[in-house]
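What follows is a short report on a single structure.
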Amino acid sequence: MRRLLLAVAVTLGAAVVVPAVAHAAPGDATVVPVQVTGDPAKRFNMVVLGDGYTQAEQARFREHLDKHLNVLWTIEPFKTYRSYINVYAVEITSAESGVDCDPNLDSPRRDTPLNMGFWGGCNPASVQRLLTVDGAAANRYANLVPGTTPGNRQLLALGNSDTYGGAGGANATASGGNALSALISPHELGHSLGGLQDEYDYLARGVRGGAYTGPEPASAHHTLLTEQQLRDQRQKWWRWLGERSESGGVIGRYESGMYTSTGIWRPSPHSIMKTLGYYYDQPGREVMTQRISTKTSILQDATPNGAPVGADRVVWVETLHPVGHTLDVTWTLDGATLPTNGATSINLSTVDIAAGVHTLTATVTDPTEFVRDPAIRGSAALTRSRTWTVDTAVTTPPAPVQVEITASTPTDRPVGGTDVVHVETSHPLDAIPPVTWTLDGRPVGTAGNDRTLALAALNLSGRHTLTATAGSSSRAWTVDAVAPTATPALSAPLLTVPKPGRTEYIYNGPFTMRLNGADDTPGYVVREFQTDGDGWFNYFGWPTDPNLPFLFTPSGTNIDNLVYGKLGVPRLSPWDDPTPSYGRHTIAYRAIDPAGNYGTPREFVVTLLPEPPACTDTITGRHTGPLIVSTGVTCLDRAQVTGPVLIRQGASLVASNATVSGPVMATGAATVELLNSTVRGPVTVSGSTANVTVVGGRIDGPVILSANNTPILAGATVNGPVLCAGNTPAPNNLQAPNTIRGPATGQCAQL
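Going by my numbering, the letters in the sequence shown line up with residues 19 to 769, in that order.
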């Protein structure tokens, strides 16, 4: 029988990390409080278990957990409601490293406490990516976390693997180390916690799903109804129709979902339930907000209401505190609203109460913009009330209470520059203890409820010390208002065009982007990018290796029958529209730090041109004398040609970083490309049938472009006149102006 070693250190308002057991045996477990926001019996508890991590690999488990959590906290509604959640890690020592059937059915089976395995637990009839866990074993280990029960917790099991996989049953699972792993977790939590369905148009990758034939699905984010029917019948996501989706595009009606490709519709072009990397869209976010809130109570504690209270005392409530906004608290006496301005306590001795018996009610409501359905808003998840009988004949006996802070926003880690910070105090019967706030020693005022301070209103930057004081007790936080930074590192472009506020790049083929993140505090920095105003997309490196940069191509790259990196309108499945995304694209990028601060979004512009045709003949080094290109595609790769170059009908020339000492002439050629090349002489190209591309470089002589197909003259220096006529369309400079030292006439007058 395995021993279960339990090391728990829980302090309300603070989290204490406990080191792993020094000489753990297989099956031994250490409970580590990662984030403790309150009493686990009253909070939503996320219990994260590691499987397949040996004693020597527990640091790897912690690294995986840090990344998974930091990504999760950037995704709404987890970002806003992380303060509702306690997180406990259960570090379980495995006899062997890894999980079963990873990556193939004939791969070894590992001796691990949770028996995690790919292929649905090594089932030949399953799929590789289905990573299952022994639920009974997982719950036995989760039971080691005091105060948690199946009703107030969610399990997430991380398997020690770099293979893509996860599952979303009662217990969510994800591989720990895959490039996409930290995005698998919120997707699977969408299933396990939110009851959301997959929006895939396939079950087995590479096999397009058929037509949906069932009735109107119970899924909150799938329908058979038209947009007009959704509105007319006030069904499902009708309240969100027409708005920009948080996951990109516009909330509407998009065909496919629930493993079928036709006959069923979803709200957004892509959300995290379809494409990992994007956010939940609004309908999904609304459901997840409800489910997170249902796992706890927004009204945490209150004055006991079992017997009538006197009109000479203080009545109070304690609420939860979302990270980014405050809950609404209203007080009514016999149905009439009292002017309490959101306070969580009311001193009845200051209220004009007629003699007799009355009903006092406090109602706590979450005003979040994430919810529009009044049924959800009015449910116990987002609205709670407490009622007392007030009898003016009751006299409250004195009961001295020491004024002190009893709970607060955790102080063990920095709070973000836009967070709402809170404290709770003890509750004397005859007075409401005031709470004073100082920032770097200077007083800061609050409005209404002095138990909370919204930092966003202070417009902070840098680092600060925030202190709350009640009576003789105080709590202090480090305020991290330092914005993280994201810095892109791109593969070498064909041309770089500096412009005010941003840089533009021209590529004539696929390019890579490494997005580096930096912050002044430890922890995984999340990086995101956005293409042409679409949804923000998590930068995870590359699906095959998180250390590889992201690859952009005109039509995307197929990896295990999913498509990544299509510039412009994205693809997911191989059968999605493969139309190449040539042309001009804007890529924005930003970083999010562990405190939840967003860096300032910045952007660059990429113009993507078709790749040059494949070379049939390549010249490097020096070529002396005339060069006549009669057939095929001749490439000059850093070559030096001394003499004229003639491209005959149907032939092509691609010169890259080359030098031609003599004229370049082409009549009826297919393709002529001068890329960052120098021509010491005139250039005359007429009647090309494919394209003419002159990007960068220098031409010492006149340029004549006539009757060509899609000519480009961008970022070049021409020491001579330029004449363009009869081209279809007119020559384009790709918004990279040329330097022309001579008259530019005809179609080239604006270049």
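Each residue gets a CB set at the ideal place from its N, CA and C atoms; glycine is no exception.
**OP:** Can you tell me which of 91, 220 and 74 puts its alpha carbon nearest to the alpha carbon of residue 145?
**Re:** Taking the sequence shown and counting its residues from 1, the one referred to as residue 145 is at position 127. Looking at the Cα atoms, 220 is the closest of the given residues.
Subject >> Element boundaries [alpha helix (DSSP H), containing residue 204] >> reply: Here residue 204 corresponds to residue number 186 of the sequence shown, with the count starting at 1. Counting along the chain, the alpha helix (DSSP H) containing residue 204 begins and ends at 199-210.
Subject >> Beta-carbon contacts of residue 653 that lie in its chain and below 6 Å, excluding the five residues immediately before and after >> reply: Working through the sequence shown from its first residue, we reach residue 653 at position 635. Cβ within range, chain order: 633, 636 and 672.
Original post:
Are there 16 or more other CB atoms within 10 angstroms of the CB of residue 40, so buried, or fewer, so exposed?
Top reply: For the purposes of this step, residue 40 is taken as residue 22 along the sequence shown, with counting starting at 1. Confidence at residue 40 is low in this model, with a pLDDT of 49, below 50, so the placement of that residue is unreliable and no value is reported for it.
Original post:
In or out: residue 578 buried (at least 16 other Cβ within 10 Å) or exposed?
Top reply: The residue you call residue 578 lines up with position 560 of the sequence shown. Exposed, since its Cβ has fewer than 16 Cβ neighbours within 10 Å.
Original post:
residue 102 by DSSP, collapsed to three states: which one?
Top reply: Working through the sequence shown from its first residue, we reach residue 102 at position 84. Of the three classes helix, strand and coil, the one that applies to residue 102 here is helix, per DSSP.
Original post:
With 16 as the cutoff for other CB atoms within 10 Å, does residue 772 come out buried or exposed?
Top reply: The structure shown does not extend to residue 772, since the chain spans only 19 to 769, so no value can be given for it.
Original post:
Mind checking whether residue 194 and residue 178 have CB atoms under 8 Å apart?
Top reply: Within the sequence shown, the letter at position 176 stands for residue 194. Within the sequence shown, the letter at position 160 stands for residue 178. Yes, these two residues count as a Cβ contact at 8 Å.
Subject >> Limits of the unbroken beta strand (DSSP E) element including residue 293 >> reply: Position 275 of the sequence shown, counting from 1, holds the residue named residue 293. Neither: residue 293 is in no beta strand (DSSP E) and is coded neither H nor E.
**OP:** Tell me, please, which residues DSSP counts as bridged to residue 85.
**Re:** Here residue 85 is taken as the residue at index 67 of the sequence shown, counted from 1. DSSP, once it has assigned bridges, lists no residue as partnering residue 85.
Subject >> Reduced DSSP secondary structure (H/G/I, E/B, other) of residue 302 >> reply: The residue given as residue 302 occupies position 284 in the sequence shown. Residue state, collapsed to three classes: helix.
Subject >> Helix, strand or coil at residue 79 according to DSSP, with G and I counted as helix >> reply: For the purposes of this step, residue 79 is identified with residue 61 of the sequence shown, where counting begins at 1. Helix, per DSSP.
Subject >> Pair within 8 Å by beta-carbon distance, residue 734 and residue 712 >> reply: For the purposes of this step, residue 734 is taken as the residue at position 716 of the sequence shown. For the purposes of this step, residue 712 is taken as the residue at position 694 of the sequence shown. Yes, the Cβ-Cβ distance between residue 734 and residue 712 is below 8 Å.
Original post:
DSSP beta-bridge partners for residue 172?
Top reply: Here residue 172 refers to the residue found at position 154 of the sequence shown. Residue 172 pairs with 64.
**OP:** Would you tell me roughly how many angstroms separate the C-alpha atoms of residue 660 and residue 724, rounded to the nearest one?
**Re:** Along the sequence shown, read from residue 1 onward, the residue named residue 660 stands at position 642. Along the sequence shown, read from residue 1 onward, the residue named residue 724 stands at position 706. Taking the straight line from one Cα to the other gives about 26 Å.
**OP:** Write down the C-beta distance between residue 79 and residue 176 rounded to the nearest angstrom, noting that I regard them as a contact closer than 8 Å.
**Re:** Here residue 79 refers to the residue found at position 61 when the sequence shown is read from its first residue. Here residue 176 refers to the residue found at position 158 when the sequence shown is read from its first residue. Indeed, because the Cβ distance is near 7 Å, the residues count as touching under 8 Å.
**OP:** Could you tell me which of 265, 264, 288 and 257 sits nearest to residue 272, measuring between CA atoms?
**Re:** To locate residue 272, count along the sequence shown from 1; it is residue 254. Here the closest residue by C-alpha is 288.
Original post:
Among 90, 56, 46 and 51, which one has its Cα closest to the Cα of residue 69?
Top reply: By 1-based counting over the sequence shown, the position of residue 69 is 51. It is 46 whose Cα lies nearest to the Cα of residue 69.
Original post:
With DSSP run on the structure shown, which of helix, strand or coil describes residue 97?
Top reply: By one-based count along the sequence shown, residue 97 stands at place 79. Here residue 97 sits in helix by DSSP.
**OP:** Look at residue 720 and residue 749 and say whether their C-beta atoms are less than 8 Å apart.
**Re:** As a working note, residue 720 is residue 702 in the sequence shown. As a working note, residue 749 is residue 731 in the sequence shown. Taking 8 Å as the Cβ cut-off, residue 720 and residue 749 do not qualify as a contacting pair.
Original post:
Do you know how far the Cα of residue 342 is from the Cα of residue 515?
Top reply: Working through the sequence shown from its first residue, we reach residue 515 at position 497. Working through the sequence shown from its first residue, we reach residue 342 at position 324. The straight-line gap from Cα to Cα measures roughly 40 Å.
Original post:
Straight-line CA distance for residue 745 to residue 727?
Top reply: Taking the first residue of the sequence shown as position 1, residue 745 is located at position 727. Taking the first residue of the sequence shown as position 1, residue 727 is located at position 709. Near 6 Å, if we compare the C-alpha coordinates of residue 727 and residue 745.
Original post:
For residue 311, does the three-state DSSP call read helix, strand or coil?
Top reply: Sequence index remark: in the sequence shown, residue 311 carries index 293 (1-based). If DSSP states are grouped into helix, strand and coil, residue 311 belongs with the helices.
**OP:** Using beta-carbon positions only, say whether residue 528 and residue 597 come within less than 8 Å of one another.
**Re:** Along the sequence shown, read from residue 1 onward, the residue named residue 528 stands at position 510. Along the sequence shown, read from residue 1 onward, the residue named residue 597 stands at position 579. Against a cut-off of 8 Å, the Cβ pair of residue 597 and residue 528 comes out as no contact.
**OP:** Can you tell me which of 209, 89, 383 and 43 puts its alpha carbon nearest to the alpha carbon of residue 109?
**Re:** As a position in the sequence shown, residue 109 is number 91, starting the count at 1. Out of 209, 89, 383 and 43, 43 has the C-alpha closest to the C-alpha of residue 109.
Subject >> Reduced DSSP category for residue 57 - H, G, I as helix; E, B as strand; rest coil >> reply: Along the sequence shown, one-based indexing puts residue 57 at 39. DSSP places residue 57 in coil when its eight states are reduced to three.
Original post:
Can you tell which of 76, 700 and 692 has its C-alpha closest to the C-alpha of residue 680?
Top reply: On the sequence shown, position 662 is the one that residue 680 refers to. Per the Cα distances, 700.
**OP:** Output the distance between the C-alpha atoms of residue 478 and residue 495, rounded to the nearest integer angstrom.
**Re:** The residue given as residue 478 occupies position 460 in the sequence shown. The residue given as residue 495 occupies position 477 in the sequence shown. Cα to Cα, residue 478 sits roughly 14 Å from residue 495.
Subject >> Nearest candidate by alpha-carbon position, reference residue 493, set 243, 767 and 430 >> reply: On the sequence shown, position 475 is the one that residue 493 refers to. Of the listed residues, the one whose Cα sits closest to residue 493 is 430.
**OP:** Starting from residue 621, trace the beta strand (DSSP E) both ways and give me its first and last residue.
**Re:** Here residue 621 refers to the residue found at position 603 of the sequence shown. From DSSP, the beta strand (DSSP E) with residue 621 extends over 620-626.
Subject >> For residue 605, the first and last residue of its enclosing beta strand (DSSP E) >> reply: For the purposes of this step, residue 605 is taken as the residue at position 587 of the sequence shown. Run containing residue 605: 601-610, per the beta strand (DSSP E) assignment.
Original post:
With 16 as the cutoff for other CB atoms within 10 Å, does residue 406 come out buried or exposed?
Top reply: Indexing the sequence shown from 1 puts residue 406 at position 388. Buried: at least 16 other Cβ atoms inside 10 Å.
Subject >> Buried/exposed call for residue 565, threshold 16 Cβ in 10 Å >> reply: Against the sequence shown, residue 565 aligns to sequence position 547. Exposed.
**OP:** Between the Cα of residue 74 and those of 475, 87, 64 and 111, spot the shortest distance and give me the residue it belongs to.
**Re:** For the purposes of this step, residue 74 is identified with residue 56 of the sequence shown, where counting begins at 1. Nearest of 475, 87, 64 and 111 to residue 74, Cα basis: 111.
Original post:
Would DSSP call residue 365 helix, strand or coil?
Top reply: In the sequence shown, counting from the first residue as 1, residue 365 sits at position 347. Strand at residue 365.
Subject >> Per-residue DSSP class, three states only, for residue 753 >> reply: Numbered from its first residue, the sequence shown carries residue 753 at position 735. Note: residue 753 maps to coil in three-state DSSP.
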